[in-house]
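Going line by line, the protein sequences match chains L and G.
For the first sequence, the positions run 1 to 240 when this note's numbering is used.
For the second sequence, the positions run 1001 to 1240 when this note's numbering is used.
Glycine included, C-beta positions come from ideal geometry on N, C-alpha and C.
Because the structure is a prediction, the values reported are computed rather than measured.
Data first, discussion second: the structure below is written as structure tokens.
2 protein chains.
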Amino acid sequence: MHASDSDTDRESRSGSGDGNSNGNGDSGASAPVPAPAPPRTRAAARRSDSTRAAILHAARERFASDGYERATIRAIARDAKIDPSMVMRYYGTKEGLFAAAVAIDLELPDLSALPRHEVGQALARHFLAMWEENEVLTALLRVAATSRAGAERTQDIFRDQVLPVARQVCPDPEQVPARAALVSSQLLGLALTRYVLCFPPAAELAREEIVAWLGPTLQRYLTAPHPGPPDRPGRPGRPG
Amino acid sequence: MHASDSDTDRESRSGSGDGNSNGNGDSGASAPVPAPAPPRTRAAARRSDSTRAAILHAARERFASDGYERATIRAIARDAKIDPSMVMRYYGTKEGLFAAAVAIDLELPDLSALPRHEVGQALARHFLAMWEENEVLTALLRVAATSRAGAERTQDIFRDQVLPVARQVCPDPEQVPARAALVSSQLLGLALTRYVLCFPPAAELAREEIVAWLGPTLQRYLTAPHPGPPDRPGRPGRPG
DNA sequence: GCAGGCAGTCAACAGTTGTTGGCCTACGGG
DNA sequence: CCCGTAGGCCAACAACTGTTGACTGCCTGC
């Protein structure tokens, strides 16, 4: 509502909609956007693309280290070695820039192709590797904790990328959302303590050690039978 | 360093140090500060104390719902129905206000007094109850995700309150920090997905159901034998 | 060779923020 | 009775924010 019309105007002149370019100097986290309409001239387009990528890269770093509010357009522009107004011209709004910066594909593996008892470890291992090579994820988590827009974007990723994978290994379709949420809670919680809050013990754990600890947990959340009372009030003790 | 001297000056005039009053209209999360030096006159002091509490209450709500940056002094003052300058006079700095607002005692139970196989569930149950009655915790988590000061305060709580409790049930003292960090990762991750990010499946789960799911996880993190390879490179498969 | 568009810069605007100092008012002690 | 003190409000400041518009060169297509 702020500047949507002028934004659209500027964007239409610039060549593409609101997405980003396909990676060149990028950390490779911009998958879901297809190639935008190619501009007429090659040289100019290439320059523009590299600037776009530089902005995106700087934005990811800043959002990851400072969060949404403290990551100022000016700082991002300074990092990208361009004028702040260029950021606005390319991405219209700070929010637009953020949306473009945190568009990411988790590239979750096909769990149905794995031996049933290894999905937990595989999931943990993939998640850790993904997180450590993409600062985008830290940026997203940081922002999601404070802004509603960020939280919604995280929900989108959960719904579009985590849920389907959980569906591959969950026995009861009705329990898929809850189980997937439990898995996410453990994975995001680890990312939080390790990469955002930087609890020393969590940050110092070796990657494979984390995999060994979290693997069985995720495995249980995904495939173990429902442990508790369904929704009974009071406090019935489990039999056994 | 901002306004520490004038802050101290103002505070000393006002009657107490930097803490808060003992709860009157408060949500009851201000334990670690002993009763401040009582001012001379009763009526004035009581008025002052209620204002202090109102500020603290409003601050907690705002920090919890908006995070640090978006929770403005002006908004907090408006909620507390006083002038913004009063907030500064009472707490010196926004950071000081935040520090006072998120001072909390987790009141973790004495795990050594429980049957060994129930500590996981007890921990999960206590944590959920605590979180749902103290908006302070959501505020702290939100802020911790973006500001370094907030993250450090969370680390303090982990070190001073979670670690000792973990020590009560952990067999090997050397593994206590790592195990406590794993426990924290799961608990904070749940709080994150349920209360901050508001993943629908996580938010809709019944409390006892979460206890049933998380209990065994925490139990394992605390008491189960070390599952993985200590710190070997490569990827040695576990026997069995 | 020339016009047109495009990447990029500069300076400025309006709004908001934390923070400060001065002033007013109620009230309790002498 | 008056006076000091402390609680509270108002207005303002300086810094910083996202955002915008006008201006400048460079390159390309005709």
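| Asked | Found |
| --- | --- |
| Ignore the nearest five residues each way along the sequence and tell me which others in residue 1094/G's own chain have a CB closer than 7 Å to its CB. | 1073 |
| What does the alpha-carbon distance come out to for the pair residue 1055/G and residue 1064/G? | 14 Å |
| Please go through the same chain and pick out, in chain order, the residues whose beta-carbon is closer than 6 Å to the beta-carbon of residue 127/L, but skip the five residues on each side of it. | 187 |
| Could you tell me whether any Cβ in chain L is nearer than 8 Å to the Cβ of residue 1201/G? | yes |
| Where does residue 51/L fall in DSSP's three states? | helix |
| Quick one: which residues of the region 58 to 71 of chain L get their C-beta closer than 8 Å to a C-beta of chain G? List them in chain order. | 66, 67, 68, 69 and 70 |
| For my contact list, residue 327/L and residue 176/L are in at a C-beta cut-off of 8 Å; report their separation, rounded to the angstrom. | Absent from the structure is residue 327/L, since the part of chain L shown begins at 1 and ends at 240. |
| Using a cut-off of 9 Å between C-beta atoms, extract the partners of residue 1145/G located in chain L. | 67, 141, 142, 143, 144, 145, 146, 192, 196 and 197 |
| For the pair the region 190 to 206 of chain L and the region 1202 to 1220 of chain G, tell me if three or more CB-CB distances fall below 8 Å. | no |
| Taking Cβ positions only, does residue 1131/G come closer than 8 Å to chain L? | no |
| Return no unless some Cβ of chain L is closer than 8 Å to the Cβ of residue 1112/G. | no |
| Is residue 1075/G close to chain L? Criterion is C-beta to C-beta, closer than 8 Å. | no |
| Please identify the residue among 154/L, 218/L, 190/L and 61/L whose C-alpha is closest to the C-alpha of residue 182/L. | 218/L |
| In chain L, which residues lie less than 9 Å from residue 1227/G when you measure between Cβ atoms? | 209, 212, 213, 215 and 216 |
| Of the residues 1216/G, 1224/G, 1221/G and 1048/G, which one's Cα is nearest the Cα of residue 1118/G? | 1216/G |
| Taking the C-alpha atoms as reference points, what is the distance between residue 220/L and residue 116/L? | 11 Å |
| Measure the C-alpha to C-alpha separation of residue 1143/G and residue 204/L and round it to an integer number of angstroms. | 23 Å |
| Take residue 1102/G as the anchor and find which of 1156/G, 1086/G and 1080/G has the nearest alpha-carbon. | 1156/G |
| Can you give the beta carbon distance from residue 146/L to residue 1051/G, rounded, assuming they're within the 8 Å contact cut? | At roughly 28 Å, the Cβ-Cβ gap does not stay under 8 Å, so residue 146/L and residue 1051/G are not in contact. |
| What's the gap between the Cα of residue 1105/G and the Cα of residue 1135/G? | 13 Å |
| If you draw a straight line from the alpha carbon of residue 132/L to that of residue 179/L, how long is it in whole angstroms? | 25 Å |
| What separation, rounded to the nearest whole angstrom, lies between the Cα atoms of residue 224/L and residue 1081/G? | 52 Å |
| Applying a beta-carbon distance threshold of less than 9 Å, which residues of chain G neighbour residue 205/L? | 1178, 1181 and 1182 |
| Thinking C-beta only, is residue 138/L closer than 8 Å to residue 943/G? | This structure gives no information on residue 943/G, because the portion of chain G shown stretches from 1001 to 1240. |
| Does DSSP classify residue 94/L as helix, strand or coil? | helix |
| Does the distance from the C-beta atom of residue 1165/G to that of residue 1114/G stay below 8 Å? | no |
| For residue 106/L, which residues in chain G fall below 8 Å Cβ to Cβ? | Neighbours of residue 106/L on chain G: none; closest Cβ ~15 Å, over 8 Å. |
| As a quick exercise: from 1068/G, 1059/G, 1069/G and 1066/G, pick the residue whose alpha carbon is nearest that of residue 1087/G. | 1059/G |
| List the residues of chain L whose Cβ lies closer than 9 Å to the Cβ of residue 1155/G, in chain order. | 197, 198, 199 and 200 |
| Nearest by alpha-carbon distance to residue 1068/G: which of 1125/G, 1092/G, 1129/G and 1150/G is it? | 1150/G |
| Buried or exposed for residue 152/L, please, with buried defined as at least 16 other CB atoms from any protein chain shown within 10 angstroms of its CB. | exposed |
| Give, in chain order, every residue of the region 1079 to 1108 of chain G whose Cβ lies closer than 8 Å to some Cβ of chain L. | none |
| Given a cut-off of 8 Å on the beta-carbon distance, is the pair residue 71/L and residue 78/L in contact? | no |
| Return the residue from the list 1123/G, 1097/G and 1075/G that minimises the CA-CA distance to residue 1053/G. | 1097/G |
| Can you find a C-beta in chain G that's less than 8 Å from the C-beta of residue 122/L? | no |
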